[in-house]
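Residue numbering for the sequence shown follows numbering that gives the first Met the number 0, beginning at 0 and increasing consecutively.
For every residue, glycine included, the Cβ atom is placed at its ideal position computed from N, Cα and C.
Take a look at the structure set out below.
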Amino acid sequence: MKNTIKVERARHNLTQQDLAEKVQVSRQTINSIEAGKYVPSTVLALKIARVFGLALEEVFQLEEED
């Protein structure tokens, strides 16, 4: 699954730590999601999208192999 978290964090001037605190996870979790090493739960994905004021599909996109 692809995501635009890093781009959206830059647009909103947030660090990984800032975003992690807003969605109540560790900075390492945000890093792993950005790197594509971890697929977030539905609840976490919705929380992240809400922080950016975007629809879920604008932040997370399925890839062909998903």
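Residue i to residue j, Cα distance in whole Å?
i          : j          : result
residue 20 : residue 63 : 32 Å
residue 17 : residue 48 : 14 Å
residue 12 : residue 26 : 15 Å
residue 24 : residue 0  : 19 Å
residue 51 : residue 65 : 24 Å
Please tell me whether residue i and residue j are closer than 7 Å, where the distance is taken between their beta carbons.
i          : j          : result
residue 3  : residue 58 : yes
residue 22 : residue 46 : yes
Report the residue from the options whose alpha carbon sits nearest the alpha carbon of residue i.
i          : options       : result
residue 41 : 34, 54 and 30 : 54
Which of helix, strand or coil does DSSP assign to residue i?
i          : result
residue 36 : coil
residue 30 : helix
residue 60 : strand
Could you pull the start and end residues of the alpha helix (DSSP H) that residue i belongs to?
i          : result
residue 42 : 41 to 51
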